[in-house]
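The numbering of the sequence shown is full-length UniProt numbering, which starts it at 1 and goes up by one.
A virtual CB, placed ideally from N, CA and C, is assigned to each residue, including glycine.
Computed from a predicted structure; not experimentally measured.
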Amino acid sequence: MFATDIPLSAFENEHWENFFKALRPAFKVPSTYCFSTPLLNAEHERIKTKCEEKIEEATSVCILTDGWSNIRGENVVNFVVTTPEPVFIEAVEPGEDRETGKWIFDAIEKVIKKFDSKKVMGVCTDNASSMKLAHNLISAKYPHISCYGCAAHGLNLLVKDILGKVGKFSSILKNSKTIVKDIKNHHVPHAIFKKKQKIKFGSGKGKSLKLPGKTRWSGTTDMLKSLLENKSVLQETVIDQRVSVSKKAKTTVLDDDFWDAVKCGCDLLSPITDTITYLEGDSANVADVVTALAKMKTQILNAAEDFNMHDMVRVEELVKKRCVFIVKPVHLAANLLHPIYRGKVLTPNQIQLAITFISEMCTHLNYDCGLVISNLARFRNSEGIWAVKETNTGSFHSIWSAANHCTPSSWWKGICADEPLCPLACRILSLPASAAACERVWSGYSNTHTKKRNKLAVERVTKLVQIKSNLKLFSSVSSGDKPKMNCCTIEDGLIFDVDINDRAIEEDNDAGPEGNGAIEDNDAGSEGNQSDSENESAASSYNSDSDSVQSASESECSTLSESDDD
């Protein structure tokens, strides 16, 4: 019940009562109160204890946090701890307090103090200006903790930059939305479109038209792909005499130049959205960020080769700006220590920054700096335990090949445990690439705290979501799974040629001093990235450099009248 979002009052139904009576007449179904209070509290405490044990066993942890507004418009801030598997530990209601940088710092510090502070190696949040202030306060008090922004969120902002600041794309976005809305928002055109789609692709095989969410800017790629796949169907639809669409939409659909531009936009944005998807995975760590960005940057510049010079230069500038925005010294150090990447995409200057960061961490964590750095030199030169050795059969064997079959931290702990560099390498390589685990928690909230269950208190919803989110960590199905390897392929000549200390590249501050604004996009509509059957969706808590995004409009929240006996 708790793990599957079944209403706590579900069994107070005569059909369920008759079912259990027939199954076992002597069995008495617990009441709604029993489910919602003693049983829920007992299960929550059981899961909480197991989570605390898991965190205690971890060598190091990273704290992820993000804000959201629930179905009633109440702000909630959640905290996830990665071990490196994500554990949802608590949610906090700001209430009357403003979510300033100081408030966020105090909230994060309370979480830090629940553990040995030396165990906490990182804090990953979104890129709001209030979060950046909290980062500065944390780094000042806990210098061993690396604070960095969510890479996936930063790349969402890159898509926003390209769509808003490269001339040719703003018109593509606007025209594409017009076409999708003219078809989807009118039942006759939509019905004719679906019929023609079925004839062309077969029943249930066509891709529905999609609209991007208000803040999930990467959803624009899905919209463009859905248009391209349905190009011929759309053209047949708009010329059908029964269809009444705007003159602009009809002209655009029949314009070959428009479709060339859509293909161009798709080619340019696809590397970004693919990278976002990759970095949002639970198995992606900070080492993956640099290599993924280097690969993405190359693909984007290749796609932009046919642009006019002004647009090509502008795209390159925007990509560089967001790379500087995302990458911190901890990313460089992790990439250098990764047994597959080994800093191959780093420039000499970036390698020096990574070594400096490692030296500073040694000081903060009381490691022998000289011993660790000399061990790093042997690691980079493939000496000692890392040397390639010839076997008796004449073949060559080394421990490097094992890195393709286990996680980086497992490789260090399992093979190089006696090396001075191992403890620090394991700590750094356990840091996640993004705060997407928080997003998945919000998905749990949206499935639990629905319109029909809008009277559930935040505390009770949090308990239900904690149980649901954390149960999978102790599932017999998932516990035996092998660690997922999720490394980027390194192509010859791939270099991350971006100076992350280039302060001449200014970061946007769209949200103002406290980051409480939200991206405005009145054309986005409410469908988000959903198909026709998925129009009721959870709101995304990703936003611009601003803070949280409302999960429901004020009008929706004010008209909710459905109740739940929970």
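Do residue j and residue i have their beta-carbon atoms positioned less than 9 Å apart in this structure?
i, j, result
"Asn230", "Leu209", "yes"
"Cys438", "Leu64", "yes"
"Ser430", "Cys147", "no"
"Val289", "Leu279", "yes"
"Ile415", "Ala402", "yes"
"Trp155", "Ile6", "Checking the sequence, you will find Leu at residue 155 rather than Trp. In this structure, Ile6 does not lie closer than 9 Å to Leu155 by Cβ."
"Ser130", "Thr100", "yes"
"Val262", "Ser176", "yes"
"Leu371", "Pro339", "no"
"Ile89", "Lys114", "yes"
"Ser374", "Ala387", "no"
"Asp256", "Asn349", "no"
"Arg29", "Glu43", "Checking the displayed sequence, the identity of residue 29 turns out to be Val instead of Arg. No."
"Cys264", "Phe201", "no"
"Ala303", "Leu332", "no"
"Leu337", "Ala425", "yes"
"Ser226", "Lys198", "no"
"Arg378", "Gly343", "no"
"Ala334", "Asn404", "no"
"Tyr367", "Cys487", "no"
"Asp161", "Lys321", "yes"
Under the assumption that residue i contacts residue j (Cβ atoms under 8 Å), give the Cβ distance between them as a whole number of angstroms.
i, j, result
"Thr298", "Cys266", "Actually they do not touch by this definition, with Cβ atoms about 18 Å apart."
"Ala354", "Leu346", "7 Å"
"Val87", "Asn470", "6 Å"
"Cys323", "Leu301", "12 Å between Cβ atoms; not a contact."
"Thr125", "Asp66", "7 Å"
"Phe27", "Phe20", "6 Å"
"Val76", "Val313", "Not quite, the Cβ-Cβ distance comes to about 43 Å (not below 8 Å), so this is no contact."
"Ile358", "Leu376", "7 Å"
Between the Cα of residue i and those of the options, spot the shortest distance and give me the residue it belongs to.
i, options, result
"Gly281", "Leu173, Glu491, Ala436 and Glu12", "Ala436"
"Asn167", "Phe201, Thr37, Asp311 and Pro271", "Looking at the sequence shown, residue 167 is not Asn but Gly. Of Phe201, Thr37, Asp311 and Pro271, the residue nearest in Cα terms is Asp311."
"Ile276", "Ala433, Asn381 and Gly384", "Ala433"
"Glu85", "Ala417, Lys54 and Leu8", "Lys54"
"Asp492", "Lys295, Pro408, Phe474 and Ser283", "Lys295"
"Val319", "Leu157, His405, Leu376 and Asp182", "Leu157"
"Val111", "Phe19, Gln350 and Glu52", "Glu52"
"Phe169", "Met361, Glu43, Asn75 and Trp259", "Trp259"
"Pro271", "Leu332, Lys207 and Val159", "Val159"
"Thr4", "Lys472, Ile490 and Asn501", "Lys472"
"Gly149", "Ile199, Pro329, Phe496 and Ser359", "Pro329"
"Ala249", "Ser226, Lys205, Lys207 and Val180", "Val180"
"Ala287", "Val458, Ile490, Lys174 and Leu211", "Ile490"
"Pro212", "Tyr367, Leu173, Arg314 and Leu39", "Leu173"
"Thr83", "Leu376, Gly122, Glu74 and Ile108", "Gly122"
"Arg460", "Ser36, Ser31, Ala128 and Phe357", "Ser36"
"Leu163", "Leu424, Ser382, Ser218 and Leu39", "Ser218"
"Thr178", "Met223, Lys321, Ser9 and Ser443", "Met223"
"Val441", "Gln466, Arg342 and Tyr33", "Gln466"
"Val243", "Arg24, Asn78 and Lys184", "Lys184"
"Ile47", "Leu494, Ser475, Phe496 and Cys488", "Ser475"
"Cys34", "Glu56, Thr49, Phe2 and Lys50", "Phe2"
"Thr363", "Thr251, Lys50, Leu228 and Pro143", "Pro143"
"Glu74", "Leu464, Lys468, Lys463 and Tyr445", "Tyr445"
"His187", "Ser443, Val245 and Ile428", "Val245"
"Leu464", "Leu40, Ser9, Ile428 and Phe79", "Leu40"
"Ser443", "Lys50, Thr49 and Lys468", "Lys468"
"Lys165", "Gln241, Pro408, Lys132 and Glu317", "Glu317"
"Thr32", "Ser9, Asp274, Glu56 and Glu109", "Ser9"
"Glu109", "Ala128, Lys132 and Lys141", "Lys141"
List the residues that DSSP assigns as beta-bridge partners of residue i.
i, result
"Phe88", "Val80"
"Ile63", "Val81 and Val123"
"Asn285", "Pro432"
"Cys147", "Val123"
"Ser69", "Asn75"
For residue i and chain D, any beta-carbon pair shorter than 9 Å?
i, result
"Val324", "Protein chain content of the structure displayed is limited to a single chain, and chain D is not contained in it."
message: With a threshold of 8 Å, are at least 3 pairs of Cβ atoms found where one atom belongs to the region 90-108 and the other to the region 135-144?
response: Output reads yes: the region 135-144 touches the region 90-108.
message: Contact between the region 115-123 and the region 84-103 is defined here as three or more beta-carbon pairs at a separation below 8 Å; is this criterion met?
response: No contact exists between the region 115-123 and the region 84-103.
query: Given 8 Å as the limit, is there contact between the region 449-468 and the region 52-71, that is, 3 or more CB pairs closer than that?
result: yes
At least 3 beta-carbon pairs within less than 8 Å: the region 188-205 vs the region 228-248: yes
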